[in-house]
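There are 2 protein chains.
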Amino acid sequence: MGRDPHRAADGPSGPPTLADVAALAGVSRQTVSNALNNPALLRADTLERVRDAVDTLGYTPNRAARNLRTKASRLIGLRLTPFAEETANATVDRFVHSLVQASREAGYHVLLFDGDDPSDPASGYDELVRSTAVDAFVVTDTFKGNPQASYLEDSRVPFVAFGRPWTPAALHPWVDVDGAAGTAEATAHLLARGHRRVAWIGWRKESPIGEDRRAGWSRTLRGHGLSTSGLASRVEDTVRSGHEAAGVLLDEAAPTAFVCASDTLATGVLRQLHERGLVAGRDVAVVGFDDSPVAQLLPGGLTSVRQPLEEVAVQVVDRLGKLLGHRETFGSGTLLAPHLVVRGSS
Amino acid sequence: MGRDPHRAADGPSGPPTLADVAALAGVSRQTVSNALNNPALLRADTLERVRDAVDTLGYTPNRAARNLRTKASRLIGLRLTPFAEETANATVDRFVHSLVQASREAGYHVLLFDGDDPSDPASGYDELVRSTAVDAFVVTDTFKGNPQASYLEDSRVPFVAFGRPWTPAALHPWVDVDGAAGTAEATAHLLARGHRRVAWIGWRKESPIGEDRRAGWSRTLRGHGLSTSGLASRVEDTVRSGHEAAGVLLDEAAPTAFVCASDTLATGVLRQLHERGLVAGRDVAVVGFDDSPVAQLLPGGLTSVRQPLEEVAVQVVDRLGKLLGHRETFGSGTLLAPHLVVRGSS
DNA sequence: CGCACAGCTTGGATCGATCAAGGGAGACGG
DNA sequence: CCGTCTCCCTTGATCGATCCAAGCTGTGCG
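In order, the protein sequences belong to chains A and B.
The numbers in the working numbering rise by one with no breaks, and the one at position 308 of the first sequence is 309.
The numbers in the working numbering rise by one with no breaks, and the one at position 304 of the second sequence is 305.
Dropping the structure here:
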């Protein structure tokens with residue numbers, strides 16, 4: 002009764018199909034389809050019979066056929082940025098793990114890709130959209146002026162951003178972590194430990210994320226009636242930059258603590274302290290951002306602000322589901338709070 | 002001439018199809034299909050006409066339809082293991098990046114998934130196979146007794162392993178890095194620096210990878226007429242274990258150098274040295290394995306064996322291509338050489 | 001008795017690309 | 001003038017699930 006008359010002789014020519022299940026259960030294809038997609042339509046005993054047949058055959062609906070018919074792939078696209086060497090940054094990788102898990106629970110899989118031309122924001126996206134290979138995208142690197150987001154908005158592709166839209170006009174759904182709250186907590190923590198001269202080492206002004214994190218620091222200091230002048234530095238996100246900035250600040254402003262926009266920068270600070278014979282956590286306190294493996298494993302440990310990436314992923318997938326289900330799609334955003342992980346450096 | 006009579010009035014109902022291109026170019030669907038998949042069959046002028054039409058419409062073949070017909074998805078499945086905290090291990094993440102890139106160059110995308118039940122090796126694989134969602138798998142965690150590999154071999158699913166089959170009977174294609182060669186290079190490097198008592202801290206005996214790496218160390222020492230007795234320790238892959246093992250070895254065997262099976266263990270050694278007031282690289286040398294961000298960023302830097310993951314990914318995809326093209330599939334393996342990255346710790 | 005209705009079947013079309021034949025025009029030889 | 005052989009292109013069927021519109025059967029109820 003299989004779809005291929007030679008099947009019995011030649012052995013199975015592939016995975017079982019709907020028709021095979023129907024034949025085994027003694028029902029029609031339509032009924033099997035209903036059993037899977039609309040079980041309420043079936044009588045209990047029929048449903049059970051069909052399900053038994055599904056189990057014995059090990060039937061799983063053919064993805065391609067279903068995708069073709071329903072015009073949906075249940076795949077979420079994520080463009081992977083190149084792996085950053087000489088950097089503590091593991092945020093993307095941690096996020097990928099979380100996203101995969103959250104997606105699975107929502108019945109999605111994650112499709113990774115990268116653009117053949119990294120400078121072109123649309124590279125890679127375009128082809129996947131037009132070939133209907135993915136239902137939606139998750140965009141992570143919104144901080145670089147966010148060219149992806151505007152491109153995607155223009156081409157009406159469903160997507161959710163991990164990262165706030167820093168351009169006012171943007172209307173897409175997003176999930177982000179409140180960086181300012183994180184650095185504020187870090188700064189408050191340092192103040193509670195008695196520090197009064199708390200320095201900031203962050204990213205260049207062009208980075209909205211960097212400015213956001215910086216705001217948490219300055220806000221907290223001023224809230225305690227302390228000055229921030231001469232205590233801040235804005236540099237590239239490299240260990241070397243952190244190292245140099247710390248040197249300058251130590252010479253010119255004599256801070257007793259540092260809050261950094263990243264663990265990478267904090268690592269540079271630790272290196273500077275080490276060179277001067279200063280002990281982190283005893284002589285000078287240091288706090289990083291991201292709770293990277295480096296922060297966890299550095300001797301003594303680096304106090305760091307940890308982003309709740311698992312929760313971010315869950316929220317992202319949730320919004321994605323709403324977006325694709327055509328329910329409330331308007332530029333709603335969620336801001337999650339990070340928390341401070343205190344280690345030996347503070 | 003569109004497939005939908007209301008199309009002109011309602012606007013485009015989706016991406017253009019083969020039929021749309023055919024209509025615009027004034028040829029049949031099949032000719033358009035040939036233009037894309039078998040251009041040699043067309044006359045030059047026709048080919049150009051079709052290509053123009055493709056460009057003006059921005060046509061990309063519908064993935065689902067193609068997959069259904071050709072019974073291939075051009076997707077490679079990769080099961081992601083949970084992100085390991087408190088560990089230097091970034092190998093998987095680096096590999097994922099490389100794999101995505103190598104796959105793209107071969108016309109594949111990477112589908113990430115994770116099993117809902119991590120203890121079941123087949124979890125997740127099964128569904129993807131039966132639904133024909135992926136063409137093949139890349140299996141990375143072959144070191145855990147390799148249950149995936151045997152399951153996949155049994156179910157005749159195409160896959161390539163990153164990691165040697167440590168069970169003799171296995172016949173699948175694989176690509177791996179010669180860990181013994183890496184630790185041998187590390188040990189030789191230490192001997193060249195004048196060390197004579199070089200200790201080993203590795204994984205438990207159950208780990209074939211650990212034993213392989215250990216072999217490089219012991220082989221090199223013995224090759225130089227040096228004894229290994231009392232200089233080796235086998236522990237869990239945690240910082241704490243490395244720390245403890247280093248303590249015991251320092252007390253009982255007085256080594257002047259350590260070779261470790263991972264950066265995680267090496268980090269533990271560094272911590273032990275630090276506690277004793279010993280300076281890594283001056284008093285005692287340490288070499289890790291994996292060239293993780295932690296190795297790169299630790300103060301002074303950790304000398305480490307770096308795996309050529311980019312090359313591994315290229316080889317894996319290459320074998321995958323051969324496997325799926327039904328060309329030479331027999332258990333052929335490739336062993337790539339790692340290289341030592343020397344930093345301050347040695 | 002007849003009607004409604006739940007529950008299933010039947011047959012077909014559909015998604016969009018590809019496969020396996022089939023057809024027509026021109027060239028060439030007899 | 002006709003056969004036949006290429007070359008180039010077209011036609012119809014197909015992949016497997018879903019959707020749609022009837023149609024059929026048995027049960028319950030007025």
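Even glycine gets a Cβ: it sits at the ideal position worked out from N, Cα and C.
Legend entry - chain A contact for Ser263 of chain B (CB, 8 Å cutoff): Between Ser263 of chain B and chain A, the shortest Cβ-Cβ separation is not below 8 Å.
Legend entry - Helix, strand or coil at Pro17 of chain B according to DSSP, with G and I counted as helix: Coil, per DSSP.
Inset, instruction - Quick one: grab the DSSP three-state call for Gly78 of chain B. - result: Residue state, collapsed to three classes: strand.
Legend entry - Ala73 of chain B: CB within 7 Å of a non-hydrogen atom of the ligand MN: Annotation note on the ligand MN: not contained in the displayed structure, which lists no ligands.
Inset, instruction - Report yes if the CB atom of Arg223 of chain A is closer than 8 Å to the CB atom of Trp201 of chain A, and no otherwise. - result: Judged by beta-carbon spacing, Trp201 of chain A lies beyond the 8 Å limit of Arg223 of chain A, meaning their Cβ atoms are not closer than that value.
Legend entry - Buried versus exposed, by CB contacts within 10 Å (16 or more), Ala10 of chain B: In this prediction, Ala10 of chain B has a pLDDT of 36, which is less than 50 and means its spatial position is unreliable; nothing more can be read from the coordinates.
Inset, instruction - Just tell me which of B:Arg70, B:Ala181, B:Gly164 and B:Leu129 has its CA closest to the CA of Val158 of chain B. - result: For Val158 of chain B, the closest alpha carbon among the candidates B:Arg70, B:Ala181, B:Gly164 and B:Leu129 is that of B:Leu129.
Legend entry - For Ser104 of chain A, three-class secondary structure by DSSP: Of the three classes helix, strand and coil, the one that applies to Ser104 of chain A here is helix, per DSSP.
Legend entry - Residues of the stretch 47–64 of chain A whose Cβ lies closer than 8 Å to any Cβ of chain B, in chain order: Cβ proximity to chain B below 8 Å picks out Gly59, Tyr60, Thr61, Pro62, Asn63 and Arg64 from the stretch 47–64 of chain A.
Inset, instruction - Count the CB pairs spanning the stretch 260–275 of chain B and the stretch 287–300 of chain B that are closer than 8 Å, and state whether there are at least three. - result: Segment contact: the stretch 260–275 of chain B against the stretch 287–300 of chain B, three or more CB-CB distances shorter than 8 Å; contact assigned.
Inset, instruction - Tell me, please, whether the CB atom of Ala251 of chain A is closer than 8 Å to any CB atom in chain B? - result: Going by the sequence as given, residue 251 of chain A is Leu instead of Ala. Taking a beta-carbon distance threshold of 8 Å, Leu251 of chain A does not count as an interface residue toward chain B.
Legend entry - Spatial neighbours of Arg320 of chain B in its chain, beta-carbon cut-off 7 Å, leaving aside the 5 residues before and after: Close CB contacts of Arg320 of chain B within its chain, under the 7 Å cut and outside five residues either way in sequence, are with Val161, Pro174 and Val176 (chain order).
Inset, instruction - Report the three-state DSSP secondary structure of Ala254 of chain A (helix, strand or coil). - result: The three-state reading of DSSP puts Ala254 of chain A in helix, counting H, G and I together.
Legend entry - N-terminal and C-terminal residue of the alpha helix (DSSP H) that Ser219 of chain A is part of: Segment Pro209 to Gly224, the alpha helix (DSSP H) holding Ser219 of chain A.
Legend entry - Nonlocal neighbours in the same chain, by C-beta distance under 8 Å from Arg205 of chain B, ignoring five residues either side: These residues qualify, in order along the chain: Gly211, Arg235, Val236 and Glu237.
Legend entry - C-beta contact flag for Arg105 of chain B and Thr133 of chain A at 8 Å: The Cβ atoms of Arg105 of chain B and Thr133 of chain A lie no closer than 8 Å to each other.
Inset, instruction - Assign Leu191 of chain B to buried or exposed, taking buried as 16 or more other Cβ atoms, counted over all protein chains shown, within 10 Å of its Cβ. - result: Leu191 of chain B counts as buried, since no fewer than 16 other beta carbons sit within 10 angstroms of its beta carbon.
Legend entry - Proximity of Gly77 of chain A and Ala24 of chain A at Cβ, strictly below 8 Å: First, the residue type needs correcting, since residue 77 of chain A is Ile and not Gly in the sequence shown. No. Outside cutoff.
Inset, instruction - Report buried or exposed for Pro169 of chain B, applying the criterion of at least 16 other Cβ atoms within 10 angstroms of its Cβ. - result: It counts as exposed.
Legend entry - Within chain B, the residues that Asp117 of chain A reaches when beta carbons sit closer than 7 Å: Those within 7 Å of Asp117 of chain A in chain B are Arg105.
Legend entry - Cα-Cα separation between Val240 of chain B and Ala254 of chain A, rounded to whole angstroms: Each residue's CA atom was taken as its position, placing Val240 of chain B and Ala254 of chain A some 36 Å apart.
Inset, instruction - Taking Glu87 of chain A as the query, report the chain B residues whose CB atoms sit under 9 Å from its CB, ordered along the chain. - result: Pro294, Gln297 and Leu298, listed in chain order.
Legend entry - Reduced DSSP category for His340 of chain B - H, G, I as helix; E, B as strand; rest coil: Strand at His340 of chain B.
Legend entry - Cα-Cα separation, Val199 of chain A to Leu232 of chain A: The alpha-carbon of Val199 of chain A is positioned some 7 Å away from that of Leu232 of chain A.
Inset, instruction - Give a yes or no on whether 8 Å exceeds the smallest Cβ distance from Pro83 of chain A to chain B. - result: Yes, Pro83 of chain A lies at the interface with chain B (some Cβ there is under 8 Å from its Cβ).
Inset, instruction - Could you work out which residues of chain B lie near Arg272 of chain A, taking near to mean beta carbons separated by less than 8 Å? - result: Listed along chain B are Pro300, each with a C-beta nearer than 8 Å to that of Arg272 of chain A.
Inset, instruction - Counting only the same chain and skipping the five closest in sequence on each side, list residues whose C-beta sits under 6 Å from that of Ala1 of chain A. - result: No answer is possible for residue 1 of chain A: it lies beyond the span of chain A, which begins at 2 and ends at 347.
Legend entry - 8 Å Cβ cutoff met for Pro309 of chain B and Leu271 of chain B: Not closer than 8 Å, so no.
Inset, instruction - Taking only the alpha-carbon atoms, compute the straight-line gap between Asp142 of chain B and His110 of chain B and give it to the nearest angstrom. - result: If you take the alpha carbons of Asp142 of chain B and His110 of chain B, they lie about 20 Å apart.
Legend entry - Chain-ordered chain A contacts of His98 of chain B [CB-CB under 7 Å]: Simply Leu81, Pro83 and Phe84.
Legend entry - Whole-angstrom distance between Thr184 of chain A and Glu276 of chain B, CA atom to CA atom: When only Cα atoms are considered, Glu276 of chain B and Thr184 of chain A end up about 31 Å apart.
Legend entry - Span separating the alpha-carbon of Arg220 of chain A from that of Ser333 of chain A: Spanning the two alpha carbons is a distance of roughly 26 Å.
Inset, instruction - Tell whether a beta-carbon distance below 8 Å holds between Arg75 of chain A and Gly108 of chain A. - result: In terms of Cβ geometry, Arg75 of chain A and Gly108 of chain A form a close pair [threshold 8 Å].
Inset, instruction - Could you tell me how far apart the beta carbons of Asp94 of chain B and Asp284 of chain A are, in whole angstroms, since I believe they sit closer than 8 Å? - result: Contact between Asp94 of chain B and Asp284 of chain A fails: their C-beta atoms lie close to 34 Å from each other, not under 8 Å.
Inset, instruction - Answer yes or no: do Thr47 of chain A and Val28 of chain A have a C-beta to C-beta separation smaller than 8 Å? - result: Between Thr47 of chain A and Val28 of chain A, the C-beta gap is smaller than 8 Å, which places the two residues in contact.
Legend entry - Environment of Arg165 of chain A [buried if 16+ CB atoms lie within 10 Å]: That one is buried.
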